[in-house]
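Going by the working numbering, the sequence shown opens with residue 19, and the numbers climb by one from there.
For reference, the structure is listed below as structure tokens.
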Amino acid sequence: MPQILPGSLYDYPKYYDLVFGSDWKAEFDFLLDVFDRYTSGRTMRVFEPACGTGRLLFRLGRLKLDVLGLDLNAKAIGFCNQRLRKYGLPESAFVGDMTDFRLPKKVDVAFNMINSFRHLTTTRQASEHIRCMGQAIRKGGVYVLGLHLTPTKTEPVDEESWVARRGHLQVNSRLWTLDRDMKRRRELFGMTYDIFTPSGHWQLYNEIEFRTYTVPQFQKLIRDEGSFAIHAVHDFAYDIEEDVELDEYAEDIVFILRRK
Ligand SMILES: C[S@@+](CC[C@H](N)C(=O)[O-])C[C@H]1O[C@@H](n2cnc3c(N)ncnc32)[C@H](O)[C@@H]1O
């Protein structure tokens with residue numbers, strides 16, 4: 019039997035970074051393509067709201083871009099800043115709420131790749147976030163926002179699992195739907211990390227609430243808030259040459275929101 023770990027999975031940045039950090043390359047290359055294709059002028063300053071461990075930020079920093087990150091979780095920010103320091107970069111990640119922040123200087127591009135936006139469970143929070151992002155990004159800059167939409171013509175994917183290893187550490191993670199209430203726009207997921215080292219097996223279980231979005235619901239949010247236009251649409255294949263249709267089947271979507 020595993021020993022049970024307390025707290026939130028975001029309180030364990032080492033495990034988070036191992037599970038999600040291994041998938042960085044496609045997202046990273048896609049972001050570089052976005053800088054070339056969709057941003058007017060040069061991209062020099064980039065920002066990640068809900069940056070977590072900053073698995074993409076430090077790599078962008080190593081390309082001599084100015085990087086900034088914000089996250090609610092102080093442990094994730096500590097991990098992120100430690101890694102920025104390790105690479106000789108400024109410790110530019112800070113604790114904050116993505117629904118209520120102001121950056122000292124505008125950025126050219128911001129990105130939020132894997133559903134963090136759906137942690138905002140009310141229309142008001144989502145709209146406040148988009149408003150803050152409108153203040154944070156310069157005109158002609160873009161916000162790259164990746165999220166799982168709820169398809170209305172097919173059944174959404176209900177379970178995902180990953181295995182990640184580094185040295186003697188292995189983390190198996192599983193995410194599955196516990197409940198979906200499309201009326202209240204609420205999806206509840208169970209998530210486990212099973213952590214194996216030569217000295218033992220630990221388990222972390224969390225329930226995560228996400229807000230649901232159909233295509234029209236997301237379009238309305240952006241339209242009503244008014245700072246951005248949906249400029250292009252891609253998916254989690256991260257292929258800049260492939261625009262995808264925003265139809266009733268749309269599920270793993272990356273929006274390119276252009277600051278008006
Ligand atoms: C799925 S992780 C994503 C981390 C990172 N963006 C990445 O791609 O690896 C979600 C992150 O959202 C953060 N988060 C949740 N609600 C937040 C809020 N209101 N403001 C800032 N960060 C938040 C969590 O602390 C967590 O680090």
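By construction, the Cβ of each residue, glycine as well, lies at the ideal position given by its N, Cα and C atoms.
Asked, Found
"PHE214 beta carbon less than 8 Å from that of ILE248", "no"
"Supposed contact pair ALA94 and GLY70 - C-beta distance, whole angstroms, cut 8 Å", "5 Å"
"Any non-hydrogen atom of ligand 1 closer than 7 Å to CYS98 Cβ", "no"
"CB contact flag (SER134, VAL37, <8 Å)", "no"
"CB-CB length for PHE246 against ARG276, believed under 8 Å", "6 Å"
"Among PHE112, PRO108, GLY159 and ASN99, nearest to LYS124 - alpha-carbon criterion", "GLY159"
"Where ARG293 sits in the DSSP three-state scheme", "Nothing can be reported for residue 293, as the shown portion of the chain is limited to 19 through 278."
"Reduced DSSP category for ARG73 - H, G, I as helix; E, B as strand; rest coil", "coil"
"PHE38 beta carbon near ligand 1 (any heavy atom closer than 7 Å)", "yes"
"GLU243 (DSSP reduced to helix, strand or coil)", "helix"
"Alpha carbon of ASP84 to alpha carbon of GLU260, nearest angstrom", "28 Å"
"Bridge partner(s) assigned by DSSP for GLN42", "Before going further, note that residue 42 is Trp rather than Gln in the sequence given. In the DSSP output, where bridge partners are listed per residue, TRP42 has none listed."
"Close Cβ partners of PHE119 (< 7 Å) along its chain, the five nearest in sequence each way excluded", "LEU88 and CYS150"
"Selected residue, minimal CA-CA separation from ALA250, among LEU163, ASP29 and LEU90", "LEU163"
"Touch test, the segment 136-155 against the segment 223-242, Cβ-Cβ under 8 Å, three pairs minimum", "yes"
"Assigned secondary structure, PRO67 (DSSP; H/G/I helix, E/B strand, else coil)", "strand"
"Span of the alpha helix (DSSP H) around PHE97", "92-104"
"Paired residues, beta bridge with VAL251 - DSSP", "PHE273"
"Continuous beta strand (DSSP E) stretch holding HIS219: start and end", "218-229"
"Proximity of GLN21 and GLY218 at Cβ, strictly below 8 Å", "yes"
"Distance CB(ALA128)-CB(GLU66) smaller than 8 Å", "yes"
"LEU102 classed as buried or exposed, judged by whether at least 16 other C-beta atoms fall within 10 angstroms", "buried"
"Exposure of HIS186, with buried meaning 16 or more beta-carbon neighbours within 10 Å", "exposed"
"8 Å contact criterion, which ASP35 and ARG77 should meet: CB distance rounded", "Going by Cβ atoms, the distance from ASP35 to ARG77 rounds to 12 Å, so no, they are not a contact pair."
"GLU205 Cβ short of 7 Å to ligand 1 heavy atom set", "no"
"Cβ shell of SER26 (< 8 Å), same chain only, five flanking positions each side left out", "ASN91 and ASN224"
"Beta-carbon contacts of GLN188 that lie in its chain and below 6 Å, excluding the five residues immediately before and after", "PHE214"
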